[in-house]
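K.L.:
Just so we're aligned, residue 1 is where the sequence shown starts under full-length UniProt numbering, counting upward by one. Yeah, the Cβ is synthetic: ideal placement off N, Cα and C, and Gly gets one too. Here you go, one structure.
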Amino acid sequence: MATPAAAKVTELETYTLKGSIKVIDRFFEVPLDYSKPEGERIRIFVRNLVPLDEVRGKNEGNLPYFLYLQGGPGFEVDLFASLDLAGIVHKKGYQTLWLDQRGTGLSSPINVDVFKGKGDQEIAQYLKQFRADNIVRDCEAIRNHLLGRKNEANDRKWTIMGQSFGGFCATTYLSFYADGLKEVFMTGGLPPLVDQPDAVYEVLTKKVKERNVVYYAKYSQDIQRVRRILDHLENNNVILPNGGRLTVSRWLQLGMSFGMHGGIDHVHQLVLRATTDLDSFGSLSYGLLNGVQTKQSFDTNLIYAILHEPIYCQNRAANWSAHRILKAHQEFQWDVVKTLQDTPIYFTGEMIFPDMFDDYHNLRPLKNAAELLAHDDSWDKLYDLEKLAQNTVKVNAATYYDDMYVDFGFAQDTAAKIANTEQFITNQSYHNGIRKRGEEIMRTLFELSKREQD
Numbered sequence: 001m002a003t004p005a006a007a008k009v010t011e012l013e014t015y016t017l018k019g020s021i022k023v024i025d026r027f028f029e030v031p032l033d034y035s036k037p038e039g040e041r042i043r044i045f046v047r048n049l050v051p052l053d054e055v056r057g058k059n060e061g062n063l064p065y066f067l068y069l070q071g072g073p074g075f076e077v078d079l080f081a082s083l084d085l086a087g088i089v090h091k092k093g094y095q096t097l098w099l100d101q102r103g104t105g106l107s108s109p110i111n112v113d114v115f116k117g118k119g120d121q122e123i124a125q126y127l128k129q130f131r132a133d134n135i136v137r138d139c140e141a142i143r144n145h146l147l148g149r150k151n152e153a154n155d156r157k158w159t160i161m162g163q164s165f166g167g168f169c170a171t172t173y174l175s176f177y178a179d180g181l182k183e184v185f186m187t188g189g190l191p192p193l194v195d196q197p198d199a200v201y202e203v204l205t206k207k208v209k210e211r212n213v214v215y216y217a218k219y220s221q222d223i224q225r226v227r228r229i230l231d232h233l234e235n236n237n238v239i240l241p242n243g244g245r246l247t248v249s250r251w252l253q254l255g256m257s258f259g260m261h262g263g264i265d266h267v268h269q270l271v272l273r274a275t276t277d278l279d280s281f282g283s284l285s286y287g288l289l290n291g292v293q294t295k296q297s298f299d300t301n302l303i304y305a306i307l308h309e310p311i312y313c314q315n316r317a318a319n320w321s322a323h324r325i326l327k328a329h330q331e332f333q334w335d336v337v338k339t340l341q342d343t344p345i346y347f348t349g350e351m352i353f354p355d356m357f358d359d360y361h362n363l364r365p366l367k368n369a370a371e372l373l374a375h376d377d378s379w380d381k382l383y384d385l386e387k388l389a390q391n392t393v394k395v396n397a398a399t400y401y402d403d404m405y406v407d408f409g410f411a412q413d414t415a416a417k418i419a420n421t422e423q424f425i426t427n428q429s430y431h432n433g434i435r436k437r438g439e440e441i442m443r444t445l446f447e448l449s450k451r452e453q454d
């Protein structure tokens with residue numbers, strides 16, 4: 001693919017944080033659709049953190065760049081949540097870049113107001129521009145602006161790191177623009193190299209079942225508590241503070257956090273609070289309802305819902321993959337489980353269902369567009385297996401054996417297909433390990449990067 005032209009900076013602000021961290025906030029202008037470079041433009045926000053103590057009088061522009069690609073899809077980078085990881089990377093001699101991927105955070109964010117006055121087909125076509133292929137093109141346009149004038153070819157390259165979906169983006173980057181990369185780091189981000197997500201949800205469903213077994217073994221009283229909550233939700237129209245509906249399906253979606261450190265415990269606290277409310281008031285309190293609403297991100301991060309399955313698609317349709325796959329597993333079906341006394345109902349995992357576009361207030365206006373995208377089979381290619389097999393860029397990947405979101409088996413298949421890949425495999429971290437054990441994980445990945453053999 002042709003390298004995108006250098007992006008244009010439209011806004012810049014500089015300030016300093018405690019700890020001698022210089023912050024440079026930049027807004028870039030890029031095409032919405034790179035096949036139409038003269039068409040509609042969008043803004044991309046990138047935050048640059050420069051460790052002034054590492055510069056020590058040198059030209060800060062000579063510090064190599066380390067670009068972080070956020071997980072998701074559809075999530076922005078939080079400055080203060082990033083500082084610990086930034087500190088680890090800065091000690092290795094880098095300055096860091098933190099990208100709000102297109103449609104997130106400060107980068108022409110996708111919200112319901114964007115689509116006012118637009119038809120469903122127009123909305124669907126607009127949203128198709130927010131997958132990994134264009135995220136990577138944005139990165140290349142920004143790299144060309146920041147580094148394109150460097151004299152040495154190696155100085156025009158940068159190092160990238162992808163967490164979760166960010167690793168998917170990094171693999172797309174390796175497929176089409178590897179010449180812009182010095183090195184790649186991934187954490188829980190080796191993607192399934194599939195063209196449609198059915199096989200992904202088949203294996204992830206097994207992992208979600210395992211986490212439900214752990215949950216109910218740890219909190220056995222929650223078997224009856226959860227059944228009681230679902231009975232209440234089934235027989236009452238429960239409205240959340242922002243106007244969304246708390247349904248049986250939506251409550252079970254709390255299981256999405258089961259694959260994170262502390263996720264099972266957080267869900268138990270909501271279950272305990274809900275049943276205490278029912279004991280005390282016969283209904284669910286505002287505090288509980290607000291807690292559920294804030295726990296779930298789909299009202300604020302619309303891309304997370306509407307493009308969650310299309311991030312896997314290459315010339316094939318998703319057709320509500322998770323919804324279809326889960327129908328074959330009665331442990332997740334309340335209509336079945338409620339007839340079986342003392343049987344636990346299983347929470348669902350990181351999965352998207354059609355009824356979410358009824359239950360979540362801000363997803364409702366996108367319901368018809370979501371239906372169009374679910375059945376769309378015209379998705380562009382995301383990976384080039386031949387290029388990946390010939391890859392010369394070092395790839396250093398942390399892979400989690402018990403990952404509930406990015407299947408370990410698929411990760412091994414992918415690692416075998418990307419040449420020059422080394423892995424740190426552990427069963428001591430879950431998917432958000434970089435937040436909980438960042439120092440250890442990054443230290444190991446930087447050791448892997450040396451490619452030293454005993």
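When we look at the beta-carbon of A2 and count the other beta-carbons within 10 Å, is it buried (16 or more) or exposed?
P.N.:
exposed
K.L.:
Do residue 507 and C169 have their C-beta atoms within less than 8 Å of each other?
P.N.:
The question about residue 507 has no answer, for the chain in this structure spans 1 to 454.
K.L.:
How far does the alpha helix (DSSP H) with D198 in it reach, from first residue to last?
P.N.:
198-218
K.L.:
Assuming L254 and F347 form a contact by the criterion Cβ under 8 Å, report the distance between their Cβ atoms to the nearest whole angstrom.
P.N.:
Correct: roughly 6 Å between the Cβ atoms.
K.L.:
Per DSSP, what are the beta-bridge partners of W158 in this structure?
P.N.:
L181
K.L.:
Work out the CA separation of G148 and A6 for me, nearest whole Å.
P.N.:
8 Å
K.L.:
From L288 to V194, what does the alpha carbon distance come to, in whole angstroms?
P.N.:
For L288 and V194, the distance between alpha carbons rounds to 39 Å.
K.L.:
So does the region 47-66 actually touch the region 92-103, counting three or more Cβ pairs closer than 8 Å?
P.N.:
yes
K.L.:
By Cβ distance below 8 Å, which residues in the same chain neighbour V200 in space, the five residues on each side in sequence not counted?
P.N.:
P192, V194, Y312, S321, D407, F410
K.L.:
Expressed to the nearest angstrom, what Euclidean distance is found between the alpha-carbon atoms of N301 and Q453?
P.N.:
Spanning the two alpha carbons is a distance of roughly 43 Å.
K.L.:
If you count every other CB in all the chains shown that lies within 10 Å of the CB of R250, and 16 or more means buried, which is it?
P.N.:
buried
K.L.:
Determine which residues share a DSSP beta bridge with M186 and list them.
P.N.:
G162, A397
K.L.:
Taking only beta-carbon atoms, is A2 less than 8 Å away from chain B?
P.N.:
Reference to chain B is not applicable here, since this structure consists of a single protein chain.
K.L.:
Excluding the 5 residues preceding and the 5 following H329 in the sequence, name in chain order all residues of the same chain whose CB lies nearer than 7 Å to its CB.
P.N.:
Result list for H329: T205, in chain order.
K.L.:
Assuming I24 and L12 are in contact, meaning their beta carbons sit under 8 Å apart, how far apart are those beta carbons, in whole angstroms?
P.N.:
7 Å
K.L.:
Can you grab the Cα-Cα spacing for the pair Q224 / F258, in whole Å?
P.N.:
19 Å
K.L.:
Taking the alpha-carbon of C139 as reference, which of T339, A397, V30 has the nearest alpha-carbon?
P.N.:
Closest by alpha carbon: V30.
K.L.:
Whole angstroms is fine: what's the gap from A81's alpha carbon to Q101's?
P.N.:
17 Å
K.L.:
Which same chain residues, not among the five before or five after I88, have their C-beta less than 7 Å away from its C-beta?
P.N.:
Counting only Cβ-Cβ distances below 7 Å, and skipping sequence neighbours, we find G438, E439, M442.
K.L.:
With C-beta atoms as the reference, is T10 less than 8 Å away from R43?
P.N.:
yes
K.L.:
Determine the contact status of A398 and F424, defining contact as a CB-CB distance below 8 Å.
P.N.:
Against a cut-off of 8 Å, the Cβ pair of F424 and A398 comes out as a contact.
K.L.:
On the CB-based measure, 16 or more other CB atoms within 10 Å of its CB, does D133 come out buried or exposed?
P.N.:
buried
K.L.:
CB-CB under 8 Å to V336, same chain, minus the five flanking residues each way: which ones, in chain order?
P.N.:
Q330
K.L.:
Let me check understanding here. Comparing Cα to Cα, which of R47, S20, K18 lies closest to F28?
P.N.:
From the listed residues R47, S20, K18, the smallest Cα separation to F28 is found for R47.
K.L.:
Could you give the uninterrupted runs of the alpha helix (DSSP H) lying entirely in the region 98-157, keeping only those of 4 residues or more?
P.N.:
120-127, 132-147
K.L.:
Who are K22's beta bridge partners in DSSP?
P.N.:
Secondary-structure assignment with DSSP links K22 through a beta bridge to T16, V50.
K.L.:
Report the rounded CA-to-CA distance for K128 versus D342, giving the unit in angstroms.
P.N.:
Approximately 45 Å, taken between the alpha carbons.
K.L.:
Measuring only the C-alpha atoms, how far is V213 from Y430?
P.N.:
16 Å
K.L.:
Do you know offhand how far N242's Cα is from V112's?
P.N.:
14 Å
K.L.:
CA-CA distance, residue 480 and R245?
P.N.:
Residue 480 lies beyond the stretch modelled for the chain, which goes from 1 to 454, so this question has no answer here.
K.L.:
Report the rounded CA-to-CA distance for T275 versus V248, giving the unit in angstroms.
P.N.:
15 Å
K.L.:
How is the alpha helix (DSSP H) around I425 delimited, first residue to last?
P.N.:
From DSSP, I425 is part of no alpha helix (DSSP H) but of the beta strand (DSSP E) over 421-426.
K.L.:
Taking 6 Å as the limit between beta carbons, can you name the residues of its chain near R316, skipping five residues before and five after?
P.N.:
D195, Q196, D377
K.L.:
Helix, strand or coil for I418 per DSSP?
P.N.:
coil
K.L.:
Got a sec, what are the start and stop residues for the beta strand (DSSP E) Y65 sits in?
P.N.:
65-69
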